[in-house]
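>
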Amino acid sequence: MKPIKFRIQNYKSIVDSGECYFEDGYTVLAGKNESGKTTILEALRDFDKNQEIDDIAIPLGREEVNTKISVWFEIDKLEIEDINAKFDYSLKKVNTKNLIKITKEINNEEYLYNCDFTAIEHEKIENYWKKNINPFIIEFKEEIGMTSYLTYLINGDVKKKIEYLNRILDEEEIFTIEREIVEISVEEDEILSKMKKTLELYKESMDVTDLLVKKLINCYMPNFVFYSSFNDTFPDVIRVEDIKNSEFAQDLEKISKFDIDAIIDKNKQTQSNHQRSVNTEFTDIFKKYWTQDNIKLVVEKDGENVHFWIEENSMMFKPSQRSQGQQWFLSFYIKVVARMKENNPNVILIDEPGLFLHAKAQKNMLKTLEEQFKENLILFSTHSPYLIEENKINQIRLIEKENNETVIHSKTWAKIKDTETLTPILTAIGLGLGDGITDRGRNNIICEGVEDVFYLRAFKKIIDSKLDINFINGDGAAKLQFIGRILEAWQCSVMYILDNDKAGHQAKKKLVKKEFVEAKDIIMVTDKENSSTVDLLSIEDFKKYILEESLDIEVIKNSDYISSKKLEKALLARKFLMESSKIKLNQESMNNIENLFKKIDVVLKSL
């Protein structure tokens with residue numbers, strides 16, 4: 001069962017989240033503190049089979065509402081057939097992929113569900129007919145006597161009997177059997193109707209979809225595992241008198257051969273042998289997960305305490321003495337793996353992962369999570385730009401509070417009231433506050449790449465343009481529409497400059513058809529076919545200021561030369577920008593650049 005989407009209703013500050021989709025790999029809940037990110041994770045945690053929705057989830061002041069959490073799952077046909085093999089029900093409307101909605105309500109122990117497929121139990125109709133229908137036939141004989149069509153309800157195959165019964169009732173008053181017209185009296189019709197209702201009850205009793213769904217939930221529904229960076233810690237020591245109630249120790253039992261009774265056994269030999277055995281196993285387990293250092297996890301009973309150590313280079317350290325990153329990874333691994341269901345795509349819910357890690361460590365942590373838990377779905381909350389990958393902004397859900405209610409925006413370009421919510425995303429994609437985007441009065445021009453931004457900024461300086469414009473890196477023709485959506489959500493003026501090549505024309509077509517950008521707000525950087533921003537420079541100026549090489553070098557087109565020589569485009573453009581105040585371009589270059597800025601001016605006046 002693969003989770004597809006979820007909906008949370010009347011849970012704490014969430015009135016109705018709407019349908020929010022999970023992304024493959026991981027989904028990010030990005031927003032300010034106190035926006036309700038943790039509340040979303042807690043609601044999904046409570047959806048788990050082993051959790052209950054606590055009364056604390058009921059919204060304050062709205063106690064009459066029904067708190068519920070729904071998750072839609074995609075169920076493979078093989079999963080349904082695997083469960084059904086043990087019962088041999090008849091399955092109907094089962095597709096290769098089947099969607100089922102499962103809902104958990106507060107104060108209701110049973111999951112509610114909605115699905116298209118059904119399961120019918122193979123109950124012998126002959127036995128049912130004999131027990132429940134034959135008494136009506138006896139009633140016929142006693143009340144009315146044998147009729148010509150009654151013999152058809154006594155003799156023959158049960159399926160034919162049902163067919164005859166339905167045909168009689170469909171005709172209401174007159175029915176023809178073997179060319180003989182049979183009139184049905186009011187009394188007969190009443191008895192026949194009772195027979196039909198009894199058969200309908202039989203059909204209802206055969207529907208065992210509810211039983212099948214319960215089996216599917218029990219066997220295949222993934223666990224929803226919640227980890228809080230604030231509350232789940234790696235202990236240095238647990239007292240013997242407390243260890244049986246320790247959640248951490250119980251988790252160790254689930255992921256390893258660690259046994260609470262054995263580790264505190266009063267028989268020293270039994271206790272020592274177990275201690276040695278689990279320490280060897282811990283080393284094998286954790287070296288697969290923590291690869292940055294060669295460490296060992298060691299457990300040691302000493303008197304009335306059970307100590308946990310991290311051994312490195314023959315030195316023993318308390319977990320609290322190690323880096324916060326190492327503590328986080330190890331405690332996360334123990335808690336999460338202990339609650340995961342094998343051979344199922346679990347949903348791992350993480351509140352503010354790597355909160356205390358530095359930027360590089362946060363990025364490494366994200367990579368490790370993806371690698372180690374790639375068979376599962378991860379949903380985590382953050383307000384850190386270092387846990388947001390600029391090429392995966394479709395995986396972000398923006399969370400904000402409006403009038404004390406948590407709102408989920410499934411698209412990063414949604415119009416939101418609190419623009420600070422966008423800050424980590426803009427920072428992650430290189431659009432930090434230092435780029436002037438907070439000034440909504442500026443005109444933003446999205447370019448295909450960072451090299452275009454450098455060249456165009458340099459050109460603006462060289463021709464001394466007075467246009468109030470801000471060139472922004474769109475990170476490639478295929479992705480610049482996402483940047484545009486975010487800026488438009490921030491109510492900024494936006495236009496686009498694209499290369500006059502195949503990718504540029506495809507991007508323009510996509511912007512117009514799918515993003516509803518007006519064609520007039522998109523300009524090609526040059527009228528020359530298969531050309532880019534650097535081609536605005538004359539070949540002479542290109543050699544002189546970009547290559548800084550002799551004029552004897554053969555260059556047919558600037559952009560082609562850079563590609564063929566595999567030169568670093570961004571570095572060349574950055575250098576050109578840094579030296580722009582000293583550059584004197586020839587007339588050909590100046591004409592090309594001025595023509596472009598005239599086009600920009602025309603578009604800006606129409607925005």
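Each residue of the sequence shown is one higher than the last, beginning at 1 in full-length UniProt numbering.
Note that CB positions come from ideal geometry on N, CA and C, so glycine has one too.
Starting from V208, trace the alpha helix (DSSP H) both ways and give me its first and last residue.
Neither: V208 is in no alpha helix (DSSP H) and is coded neither H nor E.
> Please state if the CB of I334 and the CB of I310 are separated by a distance shorter than 7 Å.
no
> Quick check on DSSP: helix, strand or coil for P3?
The answer is strand: DSSP assigns P3 an E or B state.
> Whole-angstrom Cβ separation of L585 and I462, contact assumed at under 8 Å?
A Cβ-Cβ distance of about 6 Å is found for the pair L585 and I462, placing them in contact under the 8 Å criterion.
> Would you decide whether D552 is buried or exposed? Buried here means 16 or more other CB atoms lie within 10 Å of its CB.
exposed
> Within a Cβ cutoff of 7 Å, which residues of the same chain sit near L577, ignoring the five residues on either side of it in sequence?
F454, R457, A458
> With a CB to CB cut of under 7 Å and the five nearest residues on each side skipped, what residues in its chain are close to M315?
Contacts found: none.
> Taking M1 as the reference, give the member of I80, I285, C492, G61 with the closest Cα.
I80
> What is the rounded straight-line gap between the Cα of L433 and the Cα of T423?
Model confidence at L433 stands at a pLDDT of 33, short of 50, so the residue's coordinates are unreliable; what they give is reported in the following sentence. If I take the Cα positions, the gap works out to 8 Å.
> Once the 5 residues before and after S13 are set aside, which same chain residues still bring their CB inside 8 Å of it?
These residues qualify, in order along the chain: G36, T39, P59, K401, N404, E405, T406.
> May I ask you to report which of helix, strand or coil DSSP gives R179?
Here the model assigns R179 a pLDDT of 43, short of 50, so the residue's position is not dependable and the matter cannot be decided.
> Put C115 into one of helix, strand or coil per three-state DSSP.
In the structure shown, C115 adopts extended strand secondary structure according to DSSP, grouped into three states.
> How should S589 be labelled, buried or exposed, when 16 other C-beta atoms within 10 angstroms of its C-beta is the threshold for buried?
buried
> Using the beta-carbon count (16 or more within 10 Å), is R179 buried or exposed?
Because R179 sits at a pLDDT of 43, beneath the cut-off of 50, its placement in the model cannot be relied upon, and the point is left open.
> For I495 and I486, I'd like the C-alpha separation in whole angstroms.
For the record, residue 495 in the displayed sequence is Met; it is not Ile. Those two C-alpha atoms are separated by around 13 Å.
> Hey, which unbroken runs of the beta strand (DSSP E) at 3 residues or more fall wholly within the region 283-333?
295-302, 305-312, 315-317
> Where does the unbroken alpha helix (DSSP H) through N473 begin, and where does it stop?
N473 -> not in any alpha helix (DSSP H); beta strand (DSSP E) instead, spanning 469-473.
> What residue range does the alpha helix (DSSP H) around N591 cover?
587-606
> Count the other CB atoms, across all protein chains shown, that sit within 10 Å of the CB of T280; report buried if there are 16 or more and exposed otherwise.
exposed
> Please name the residue in V512, I348, D232, D82 whose C-alpha comes closest to that of V28.
I348
> Report the three-state DSSP secondary structure of N33 (helix, strand or coil).
coil
> Assign Q362 to buried or exposed, taking buried as 16 or more other Cβ atoms, counted over all protein chains shown, within 10 Å of its Cβ.
buried
> Select from K101, E109, K104, V94 the residue whose C-alpha is nearest the C-alpha of T118.
V94
> Just checking my contact of I243 with A249 at CB under 8 Å: how many whole Å lie between their CB atoms?
So it is a contact: roughly 5 Å between Cβ atoms.
> Would you please state the rounded distance, in angstroms, between the beta carbons of Y26 and E529? I believe it to be under 8 Å.
Their Cβ separation, rounded to whole angstroms, is 42 Å, which puts Y26 and E529 out of contact at 8 Å.
> Between which two residues does the alpha helix (DSSP H) holding R457 run?
450-462
> Assign F329 to one of two classes, buried (16 or more other C-beta atoms within 10 Å of its C-beta) or exposed (fewer than that).
buried
> Under a three-way DSSP split, which group does L357 fall into?
coil
> Apply the 10 Å Cβ neighbour rule to L431 and answer buried if 16 or more other Cβ atoms are within range, or exposed otherwise.
Unreliable placement is indicated for L431, whose pLDDT of 44 sits below 50; the coordinate value is still reported in the next sentence. So L431 ends up on the buried side.
> On the criterion of 16 or more Cβ atoms from any shown chain inside 10 Å, does T67 qualify as buried, or is it exposed?
buried
> In three-state terms, what does DSSP make of S246?
coil
> Which residues in the same chain have their Cβ closer than 6 Å to the Cβ of R339, if we skip the five residues on either side of it in sequence?
N223, V225
> According to DSSP, is L577 part of a helix, a strand, or is it coil?
helix
> Hey, is the region 96-108 in contact with the region 69-80, meaning 3+ C-beta pairs nearer than 8 Å?
With the cut-off at 8 Å, the region 96-108 and the region 69-80 touch.
> Quick check on L398: does DSSP put it in helix, strand or coil?
strand
> Nearest to L91 by CA position, among L212, S70, E34, is which residue?
L212
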